[in-house]
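Novice: Questions regarding the structure given below will be posed in turn.
In the UniProt record's numbering, the protein residues as written are 1 to 718.
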């Protein structure tokens, strides 16, 4: 009779006097087929992912090549804007030189006026000494000149009406200036409110930055915990699967052993104890399986909690970005409203300039009419001597009018100085608004730096990911390619942001140039008004000189032909000066129209820059979306690497268990040999035991070779 060990591994199956080896190869072959299936799935996933990565790289290259012409176009536009800016500076210098020349001409005209007054005084003294004797001859001419005087008074009344109309225009312009002052006050109030909002916005940004830092710290901690939990989860899953496989193997072995026990019960009466031990082992394995199942459920619950935390932090971060974008959009709308108000003021100035041009045409028509009157007075030169006394009165009255006009001119000059002071105040306020705009731009740049810092943190996380996944050779090549493309996208993104900043600076310069040209337009309008006043003064001088001419003609009978010629020469000189002033006024009008055209061109260019900025912003959003997709692909690659690592650990654990079972089997064989040395059954079992050991060694070598292949395929994860 054979004595068998109590352990289930200490004996082989004995059936009808023959000992057979259990089918150990079946479980090992199943494990090997599972490993081969896992390897084949990993290869298929890598083949499917490779064309997708190639397609993404092609799309990124297309985006880069389409963005390059836009960047070159913006650089060319910037060069053209610089050229236009230099041309405007040159035009401004020319206008200043013209203003200085006008001031010099005005001084010359005043000197000539004083000289003409001296000559008139001389002729008046001559008349008082010599013309009393001819008073009777001048009576008839006096009556005729009274009729002429009535006509002249009518002309003066019409001119007075025009003066009243011009006064109304002046009042209207003053009201417009007051309206502009009110608009400037409103702009300052808006600027103060914007400053307050900016300060509040700075506080909010600081708070959100603190929140973002806290969320980033929580996110890092949660990611670390998530990684730990994921590794623990994979470990527990591997242990659970191993327990399941062990349970299945134990069940199969139990079934085989049950059959063996049935056979052995016919020969050996001690098989009941083995069944009891097998049942205890099965219960113990079931308890271990339940414990592993509970631990797996706890790990899955913890992983879900960490994923929820990560999602909440991402939602809060997206809300912060949306709030910042909304604030920036509100600022841009406020600046657009300010630009529209300045455009309306410019249109009103254009209307007033057209009214001034109409007044100038009317003055030219009156000048032609006065020239016709001068010709008629030359025909009546012989009868003018009789109206000498009345002419003296007219001379005094005209001199009084000249004094009144000079006082009015001084008042207008004082008003012009006041307007210049108001202009300086408005310019200082505009500079203050510009400084506030630059401060808001700096805050925007700070927000961009925060975004870049977040992107830098993202790149640091990617580097950590590279360090963790560098051991997986099959995925590391694709991942390095994605990282290089991501870096190129970051550089493209930085370049696009720089171009967007340049376009914003261009728009700002265009707005400054528009404001400066509007100021120049106001200055040219003031200059046109002063020129119009000078023209009126010259017309009054022409009238006075005409009176003097009449006086000279009354003394022509006494040999005053030379004096008459001098006065006529003087009249011609004054007319030439008037023509020169009119030409200069026409040149100023042309320069004004050129400035208006340039203002329109600059506004159009500013609109184009704004559109380019919007296109760049859309491109940046698309690139950010691509970055998110790449990040998701990297996470998928990490998951695949983790799965491969879990499968590798599972295979390693199965190998260790197989080796343990082999060791146990060898120990059972040695014990069986020790117990059955003296019996005939030992002699019968010796060839079976030797064949069993050979099979066990073959299985061990096969498992080790498969293990080495799996080790090479997974890229030496250990």
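Heads up, the beta-carbon is just placed ideally off N, CA and C, and yes, glycines get one too. Small disclaimer: the values here were computed from a predicted structure and weren't measured.
1. Mind checking whether residue 402 and residue 540 have CB atoms under 8 Å apart?
2. In its own chain, which residues sit with a C-beta less than 6 Å from the C-beta of residue 653, not counting the 5 before and 5 after it?
3. I need the DSSP call for residue 383, collapsed to helix, strand or coil.
4. For a test of the three-state rule: what should DSSP assign to residue 323, helix, strand or coil?
5. Out of curiosity, what's the CA-to-CA distance linking residue 575 and residue 184?
6. Apply the 10 Å Cβ neighbour rule to residue 153 and answer buried if 16 or more other Cβ atoms are within range, or exposed otherwise.
7. Nearest by alpha-carbon distance to residue 73: which of 175, 251, 209, 502 is it?
8. Taking a contact to mean a Cβ-Cβ separation below 8 Å, would you say residue 334 touches residue 205 in this structure?
9. Is the number of C-beta pairs between the segment 87 to 98 and the segment 587 to 596 that are closer than 8 Å three or more?
10. Is residue 145 near residue 390, with beta carbons less than 8 Å apart?
11. Going by C-alpha distance, which of 263, 616, 525 is nearest residue 355?
12. Quick test of your reading: residue 383 and residue 140, contact by CB under 8 Å. State the CB separation rounded to the nearest angstrom.
13. Could you say if the segment 643 to 651 and the segment 228 to 242 meet the contact criterion of at least three C-beta pairs nearer than 8 Å?
14. Where residue 488 and residue 211 are concerned, what is the direct C-alpha to C-alpha distance, given to the nearest angstrom?
15. Distance check for residue 618 and residue 497, CA to CA, integer angstroms please.
16. Which parts of the segment 102 to 132 are runs of the beta strand (DSSP E), unbroken and 3 residues or longer, counting only runs that do not cross its ends?
17. How would you label residue 25, buried or exposed, when you count the other beta carbons within 10 angstroms and need 16 or more for buried?
18. Whether or not the segment 599 to 614 and the segment 111 to 126 are in contact is what I'm after, with contact meaning three or more pairs of Cβ atoms, one per stretch, closer than 8 Å; do they touch?
19. Compute the distance between the beta-carbons of residue 102 and residue 584, then report whether it is under 8 Å.
20. So, is residue 581 buried or exposed, given that buried needs 16 or more other C-beta atoms within 10 angstroms?
21. Just the C-alpha distance for residue 611 and residue 428, rounded to the nearest angstrom, thanks.
22. Buried or exposed: where does residue 743 fall if 16 or more other Cβ atoms within 10 Å of its Cβ makes it buried?
23. Could you work out which residue in 301, 589, 199, 609 is closest to residue 520 when comparing CA atoms only?
24. Please say whether residue 533 and residue 412 have beta carbons closer to each other than 8 Å?
25. Compare the beta carbon distance of residue 727 and residue 548 with 8 Å and say whether it is the shorter of the two.
26. Since residue 591 contacts residue 95 with CB under 8 Å, what's their CB separation in whole angstroms?
27. Please confirm whether residue 443 and residue 110 have their CB atoms less than 8 Å apart.
28. Applying the 10 Å Cβ sphere with the 16-neighbour rule, what's the burial state of residue 250?
29. Could you name the residues of the same chain whose beta carbon sits closer than 8 Å to that of residue 722, not counting the 5 residues immediately before and after it, in chain order?
30. Excluding the 5 residues flanking residue 480 on each side, which residues of the same chain have their C-beta closer than 6 Å to its C-beta?
31. Measure how close the beta-carbons of residue 215 and residue 316 come, nearest whole angstrom, since I'm counting them as under 8 Å.
Specialist: Quick answer:
1. Their beta carbons are under 8 Å apart, which means residue 402 touches residue 540 by this criterion.
2. 242.
3. In this structure, residue 383 counts as coil in the three-state DSSP scheme.
4. Shown here, residue 323 sits in a helix according to DSSP, grouped into three states.
5. Take the alpha-carbon of residue 575 and the one of residue 184: they are about 43 Å apart.
6. The residue in question, residue 153, is exposed, as its Cβ has fewer than 16 Cβ neighbours within 10 Å.
7. Out of 175, 251, 209, 502, 502 has the C-alpha closest to the C-alpha of residue 73.
8. No, the Cβ-Cβ distance between residue 334 and residue 205 is not below 8 Å.
9. Between the segment 87 to 98 and the segment 587 to 596, the count of Cβ pairs shorter than 8 Å is three or higher; the stretches touch.
10. Taking 8 Å as the Cβ cut-off, residue 145 and residue 390 qualify as a contacting pair.
11. Of the candidates 263, 616, 525, the one whose C-alpha sits nearest the C-alpha of residue 355 is 525.
12. Between residue 383 and residue 140, the beta carbon gap of about 7 Å places them in contact (Cβ cut-off 8 Å).
13. Taking 8 Å as the limit for Cβ pairs, the verdict is that the segment 228 to 242 does touch the segment 643 to 651.
14. Cα to Cα, residue 488 sits roughly 30 Å from residue 211.
15. Cα to Cα, the separation comes out at about 11 Å.
16. Segments of the beta strand (DSSP E) lying fully in the segment 102 to 132: there are none.
17. Confidence at residue 25 is low in this model, with a pLDDT of 46, below 50, so the placement of that residue should be treated as unreliable; the coordinate-derived value is given next. In summary, residue 25 is exposed, with fewer than 16 beta-carbon neighbours lying within 10 Å of its beta-carbon over all protein chains present.
18. Too few Cβ pairs lie closer than 8 Å, so no.
19. Yes, the Cβ-Cβ distance between residue 102 and residue 584 is below 8 Å.
20. Buried, because 16 or more other Cβ atoms sit within 10 Å of the Cβ of residue 581.
21. Rounded to whole angstroms, residue 611 to residue 428 spans 30 Å at the Cα level.
22. The shown model of the chain, from 1 to 718, leaves out residue 743, and the question about it has no answer.
23. Closest in alpha carbon position to residue 520, among 301, 589, 199, 609, is 589.
24. It is a contact, given that the beta carbons lie within the stated cut-off.
25. The requested residue 727 is not part of the displayed model; the chain covers only 1 to 718.
26. Rounded, the Cβ-Cβ distance is 6 Å, consistent with contact.
27. 8 Å or more divides the Cβ of residue 443 from the Cβ of residue 110.
28. Label assigned to residue 250: buried.
29. No answer is possible for residue 722: it lies beyond the span of the chain, which begins at 1 and ends at 718.
30. Once the five neighbours on either side are set aside, residue 480 has no close Cβ partner at all.
31. Between residue 316 and residue 215 the Cβ distance is about 6 Å, and since that is below 8 Å, they are a contact.
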